[in-house]
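>
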Amino acid sequence: MYVAVKGGEVAIQNSQALLAEMRRGDPALAELSGTQLHAQLRLAVDRVMTEGSLYDPQLAALALKQAAGDAVEAIFLLRAYRTTLPRFGYSVPLDTAHMRLWRRISATFKDLPGGQILGPTYDYTQRLLDFALLAGTPVPPAPRAPAPADALNTPGVLELLEREGLVETQPVPADDPEPIDLTREPLRFPAPRAARLQNLARADEGFLLALAYSSQRGYAHTHPFAAEVRFGSVELEVIPEELGFPVSIGDVELTECQMINQFSGSADQPPQFTRGYGLSFGHSERKAMAMSLVDRALRAPELGEAIEAPVQMEEFVLSHSDNLEASGFVQHLKLPHYVDFQSELELVRRMRAAGAPEAQQP
Amino acid sequence: MTAAQQAPVVRDPHVNFAYLDERTKRMIRRALLKAVCIPGHQVPFGSREMPLPYGWGTGGIQVTAAILGPADTLKVIDQGADDTVNAVNIRRFFQRTAGIAVTTDTTRADIIQTRHRIPETPLREGQILVYQVPAPEPMQRLEPRRSETRKLHGLAEYGLMHVKLYEDIARYGHIATTYDYPVLVNGRYVMSPSPIPKFDNPKMHRSPALQLFGAGREKRIYAVPPYTSVASLAFDDHPFSVQRWESACALCGATDSFLDEWITDDQGARMFVCSDSHYCATRQAGAVSTEPSHGPE
Chain A
7 MYVAVKGGEV
17 AIQNSQALLA
27 EMRRGDPALA
37 ELSGTQLHAQ
47 LRLAVDRVMT
57 EGSLYDPQLA
67 ALALKQAAGD
77 AVEAIFLLRA
87 YRTTLPRFGY
97 SVPLDTAHMR
107 LWRRISATFK
117 DLPGGQILGP
127 TYDYTQRLLD
137 FALLAGTPVP
147 PAPRAPAPAD
157 ALNTPGVLEL
167 LEREGLVETQ
177 PVPADDPEPI
187 DLTREPLRFP
197 APRAARLQNL
207 ARADEGFLLA
217 LAYSSQRGYA
227 HTHPFAAEVR
237 FGSVELEVIP
247 EELGFPVSIG
257 DVELTECQMI
267 NQFSGSADQP
277 PQFTRGYGLS
287 FGHSERKAMA
297 MSLVDRALRA
307 PELGEAIEAP
317 VQMEEFVLSH
327 SDNLEASGFV
337 QHLKLPHYVD
347 FQSELELVRR
357 MRAAGAPEAQ
367 QP
Chain B
819 MTAAQQAPVV
829 RDPHVNFAYL
839 DERTKRMIRR
849 ALLKAVCIPG
859 HQVPFGSREM
869 PLPYGWGTGG
879 IQVTAAILGP
889 ADTLKVIDQG
899 ADDTVNAVNI
909 RRFFQRTAGI
919 AVTTDTTRAD
929 IIQTRHRIPE
939 TPLREGQILV
949 YQVPAPEPMQ
959 RLEPRRSETR
969 KLHGLAEYGL
979 MHVKLYEDIA
989 RYGHIATTYD
999 YPVLVNGRYV
1009 MSPSPIPKFD
1019 NPKMHRSPAL
1029 QLFGAGREKR
1039 IYAVPPYTSV
1049 ASLAFDDHPF
1059 SVQRWESACA
1069 LCGATDSFLD
1079 EWITDDQGAR
1089 MFVCSDSHYC
1099 ATRQAGAVST
1109 EPSHGPE
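Protein chains in written order, with our numbering: chain A, 7 to 368; chain B, 819 to 1115.
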């Protein structure tokens, strides 16, 4: 029978069995647990939660295990789980000024209220492979500074500049509209900033990083300063209808970036600093910073800036930022295209037979 | 090998009927109703993230899930065949999540989900053909900005498309589009028929079946109600025409069907076989008369 390229259910089942076997690897070695992944590969877990739009370290770790470490596949698993979950409502807006800080740095002020906290970072590690890790040496506990009395109240740097009117303020819109949920409603253009930010928060880190980088290399004129990058945990509160007051439902770890850009002013706005914002689950500074640069670049129409570079083009950025959409459509080329290809084959043969381009009508 | 010969798939009791929750299905059905009321118009909808990848039929799957009932019989084809891996996988998905009856028989199916083909056997009233659509916007390659194409549709301003077709004629002597060939629906909206070969376009015109189109990644739904006019774009002096083959199907002898080309050895020998596996199998079993059920024009 001529069915070489056609496969059935048995092939699919066998493929899945083989995949499971290869995921497990050598059965003589101990199996990874989700807890181990969560505890020891926390940054991978954080990325899966951020782009998977679901704060659940255990499930993100499970997804990573099931995906054999492939971040995008793990994000797919988490999103497919999340999609049918009921929506109960919105939390009270997070107040990151009350973050329990692990890390907080500003590149704009040497010293500032609340201080600079270096915290856990790879930034100054000199990136030499640590062969001791192969043997599994115990790690001594890190020294900790005593927490200051007002540790849970560290307002953002930008509030200092706001008082002088040097940085744009971001008041809550008059009627405080409910945000668009892009997982329930299709994205429409032009998109409000809240919808853009949701899209960017879910966006592929690599895609945002490349776009942000392009904006620094002359494809859009931005002159950014990292006013503040902070990482820590924040209390999440909801107001149950029957109670009418906020109740804490737990803590989430977040990385937040406030990027400021000089702005020479326009007809109706004085020269001042404008903002770009980035937020991600867990500890993901690369993502949060890239997001803040792209957010600012996408504000070009609002600020009357010329749109010249890809990073400023809303439809281009927002339509291609989702790694599941991109991965699915790029890889759908693996699906059979016999019919389309046959049609093209027939066309190319006909055009070749016709010789000169204008020789023949169909 | 057909689906019927394979081991039965057990209904998974942990998921809702046809996977999607009922509110989501209702949202999709509302979009479908609007789409049926405005034939060929793309209706934005809150496309959900499905457990299958974007680009692999998530739009068609959501439409099928929204209209599927427990008594329905489902047929799923990819490239015209019931036994290609993706068709098997989507059929399994609905067996597993909805426990419905499935068939490979075009005449017995209530709902047919398809990628890239319309069955050769003419459809009848009451049947629903669900197309998987990768790119719902027919002008996407001419104008990638949705904000612009929306205006062009609103104004029925299709000059861009006609210029493209004209340029083909100027350059090649004929229109060099062989699949996803644009159509004008009900005299109003230019629509992508999904990447079916233009060979299938005439089957859409005044079809007794309801035709629904789902684009999951692009979050659009559109429809062609039964007995609606669907005209392939053309010019008076360059009328629309479909592909023809010099050979007949090597397995069933059909001369009226879309033929796939199979390379049968490493010397480049080839044979032509029906892309519609059920049509071919039925003809081989002698159950169909040799008269063309419908000719390409």
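Beta carbons: idealized from backbone N, C-alpha and C, even for Gly. Being a predicted model, the structure only gives us computed values, none of them experimental.
So Glu37(A) and Arg30(A) are in contact, right, with Cβ under 8 Å, and what is the actual spacing, rounded?
Along the first sequence, read from residue 1 onward, the residue named residue 37(A) stands at position 31. Along the first sequence, read from residue 1 onward, the residue named residue 30(A) stands at position 24. That belief holds up - the Cβ atoms of Glu37(A) and Arg30(A) are roughly 7 Å apart, short of 8 Å.
> Residues of chain B with a CB under 7 Å from the CB of Thr175(A): which are they?
Translated into positions along the first sequence, residue 175(A) becomes position 169. None at all; the shortest Cβ gap to chain B is about 29 Å.
> Since Glu1036(B) and Pro954(B) are thought to touch, with beta carbons under 8 Å apart, how far apart are those beta carbons, to the nearest angstrom?
Position 218 of the second sequence holds residue 1036(B). Position 136 of the second sequence holds residue 954(B). The pair is a contact, with the Cβ atoms about 5 Å apart (cut-off 8 Å).
> Identify the contact partners of Ser965(B) in chain A, using a Cβ-Cβ distance below 8 Å as the criterion.
One-based indexing of the second sequence puts residue 965(B) at position 147. Chain order gives the chain A residues near Ser965(B) as Phe195, Pro196, Glu321, where near means a beta carbon separation below 8 Å.
> Starting from Lys71(A), follow the alpha helix (DSSP H) in both directions and report where the run begins and ends.
Reading the first sequence from its first residue, position 65 is the one you call residue 71(A). Here the alpha helix (DSSP H) through Lys71(A) covers 63-72.
> I want to see whether chain A comes within less than 8 Å of Lys893(B), judged by CB atoms only; does it?
On the second sequence, position 75 is the one that residue 893(B) refers to. No, no contact with chain A.
> Would you be able to state if there are at least three C-beta pairs under 8 Å between the region 1002-1012 of chain B and the region 842-851 of chain B?
no
> Measuring only the C-alpha atoms, how far is Ser1095(B) from Ile895(B)?
Against the second sequence, residue 1095(B) aligns to sequence position 277. Against the second sequence, residue 895(B) aligns to sequence position 77. If I take the Cα positions, the gap works out to 9 Å.
> Between the Cα of Arg1(A) and the Cα atoms of Leu260(A), Ile123(A), Val244(A), which residue gives the shortest distance?
Because chain A here runs from 7 to 368, residue 1(A) falls outside it and cannot be looked at.
> Should Thr131(A) be labelled buried (16 or more other beta-carbon atoms within 10 Å of its own) or exposed?
Taking the first residue of the first sequence as position 1, residue 131(A) is located at position 125. When all chains shown are included, Thr131(A) counts as exposed.
> Indicate whether at least one CB of chain A lies closer than 8 Å to the CB of Lys1037(B).
Within the second sequence, residue 1037(B) is the residue found at index 219, counting from 1. Yes, its Cβ sits closer than 8 Å to a Cβ of chain A.
> Say yes only if the C-beta of Asp76(A) is nearer than 7 Å to one or more non-hydrogen atoms of the ligand FMN, and no if none qualify.
No copy of the ligand FMN appears in this structure; indeed no ligand is present at all.
> Can you check whether the C-beta of Arg169(A) is within less than 8 Å of a C-beta belonging to chain B?
What you label residue 169(A) is simply residue 163 of the first sequence in a count that begins at 1. Answer no: the Cβ-Cβ gap between Arg169(A) and chain B never drops below 8 Å.
> Assuming Val345(A) and Arg1062(B) are in contact, meaning their beta carbons sit under 8 Å apart, how far apart are those beta carbons, in whole angstroms?
On the first sequence, position 339 is the one that residue 345(A) refers to. On the second sequence, position 244 is the one that residue 1062(B) refers to. Contact doesn't hold; Cβ gap of about 15 Å is too wide.
> If you follow the beta strand (DSSP E) that Asp257(A) is in, where does it begin and where does it stop?
Position 251 of the first sequence, counted from the start, is the residue given in the question as residue 257(A). 253-269 is the span of the beta strand (DSSP E), which, as asked, contains Asp257(A).
> Helix, strand or coil for Arg1062(B)? Go by DSSP, reduced to three states.
What you label residue 1062(B) is simply residue 244 of the second sequence in a count that begins at 1. Three-state result, Arg1062(B): coil.
> Give me the Cβ distance between Leu172(A) and Gln278(A), rounded to the nearest whole Å; I'm assuming they're in contact under 8 Å.
What you label residue 172(A) is simply residue 166 of the first sequence in a count that begins at 1. What you label residue 278(A) is simply residue 272 of the first sequence in a count that begins at 1. Their Cβ separation, rounded to whole angstroms, is 6 Å, which keeps Leu172(A) and Gln278(A) in contact under 8 Å.
> Any idea which residues DSSP pairs Cys1098(B) with across the strands?
Counted from its first residue, the second sequence places residue 1098(B) at position 280. Answer is none; Cys1098(B) lacks a bridge partner.
> Checking contacts by CB at 8 Å: is Val78(A) closer than that to chain E?
In the structure shown, chain E cannot be found, because the protein chains are A and B.
> Once you ignore the five residues that flank Glu79(A) on each side, which residues in its own chain have a CB closer than 7 Å to its CB?
Sequence index remark: in the first sequence, residue 79(A) carries index 73 (1-based). Ala73, listed in sequence order.
> With DSSP collapsed to three states, give me the class of Val16(A).
Start at 1 with the first residue of the first sequence, and residue 16(A) comes out as number 10. Secondary structure of Val16(A) (DSSP, three-state): helix.
> Residues in the region 18-32 of chain A with C-beta within 8 Å of chain B's C-beta atoms, listed in sequence order?
Ile18
> Just reading off the alpha helix (DSSP H) that Arg358(A) is part of, what are its end residues?
What you label residue 358(A) is simply residue 352 of the first sequence in a count that begins at 1. First-last of the alpha helix (DSSP H) with Arg358(A): 344-360.
> Sort Phe213(A), Asp62(A), Ser254(A), Met295(A) by Cα distance to Ala113(A) and report the nearest one.
Numbered from its first residue, the first sequence carries residue 113(A) at position 107. Selected option, being the one with the closest Cα: Met295(A).
> Throw me the rounded Cβ distance for the Ile846(B) and Phe863(B) pair, which I believe falls under 8 Å.
Counted from its first residue, the second sequence places residue 846(B) at position 28. Counted from its first residue, the second sequence places residue 863(B) at position 45. That belief holds up - the Cβ atoms of Ile846(B) and Phe863(B) are roughly 6 Å apart, short of 8 Å.
> Can you name the start and end residues of the beta strand (DSSP E) that Ser286(A) belongs to?
Along the first sequence, one-based indexing puts residue 286(A) at 280. Note, Ser286(A): beta strand (DSSP E), 278-287.
> Which bits of chain A does Gln897(B) rub up against, with CB to CB less than 7 Å?
If you number the second sequence from 1, residue 897(B) lands on position 79. What Gln897(B) touches in chain A: Pro342, Tyr344, Val345.
> What does the Cβ neighbour count give for Glu975(B), buried or exposed, with the cut at 16 atoms within 10 Å?
Residue 975(B) sits at position 157 when you count from the first residue of the second sequence. That one is exposed.
> With Glu314(A) and Phe195(A) assumed to form a contact (beta carbons below 8 Å), what rounded beta-carbon distance in angstroms separates them?
Numbered from 1 along the first sequence, position 308 holds the residue referred to as residue 314(A). Numbered from 1 along the first sequence, position 189 holds the residue referred to as residue 195(A). Contact doesn't hold; Cβ gap of about 18 Å is too wide.
> Should Ala360(A) be flagged as near chain B, meaning a C-beta pair shorter than 8 Å?
Locating residue 360(A) in the first sequence gives position 354, where the first residue counts as 1. Yes, Ala360(A) counts as interfacial toward chain B.
> Taking just the CA atoms, how far does Thr876(B) sit from Ala332(A)?
Here the question's residue 332(A) lines up with position 326 in the first sequence. Here the question's residue 876(B) lines up with position 58 in the second sequence. Distance between the alpha carbons of Ala332(A) and Thr876(B): 14 Å.
> Roughly how many angstroms lie between the CA atoms of His859(B) and Thr1046(B), to the nearest whole one?
Reading the second sequence from its first residue, position 41 is the one you call residue 859(B). Reading the second sequence from its first residue, position 228 is the one you call residue 1046(B). Approximately 13 Å between the Cα atoms of the pair.
> Can you grab the Cα-Cα spacing for the pair Tyr1007(B) / Cys855(B), in whole Å?
In the second sequence, counting from the first residue as 1, residue 1007(B) sits at position 189. In the second sequence, counting from the first residue as 1, residue 855(B) sits at position 37. Looking at the two C-alpha atoms, the distance is approximately 12 Å.
> Would you please state the rounded distance, in angstroms, between the beta carbons of Pro252(A) and Val98(A)? I believe it to be under 8 Å.
The residue labelled residue 252(A) in the question sits at position 246 within the first sequence. The residue labelled residue 98(A) in the question sits at position 92 within the first sequence. Rounded, the Cβ-Cβ distance is 5 Å, consistent with contact.
> In terms of residues, what are the limits of the alpha helix (DSSP H) holding Cys855(B)?
Numbered from 1 along the second sequence, position 37 holds the residue referred to as residue 855(B). Cys855(B) -> alpha helix (DSSP H) spans 840-855.
> Can you pull the DSSP bridge partners for His1056(B)?
Your numbering for residue 1056(B) matches position 238 in the second sequence. DSSP output for His1056(B) lists Phe1053(B) as bridge partner(s).
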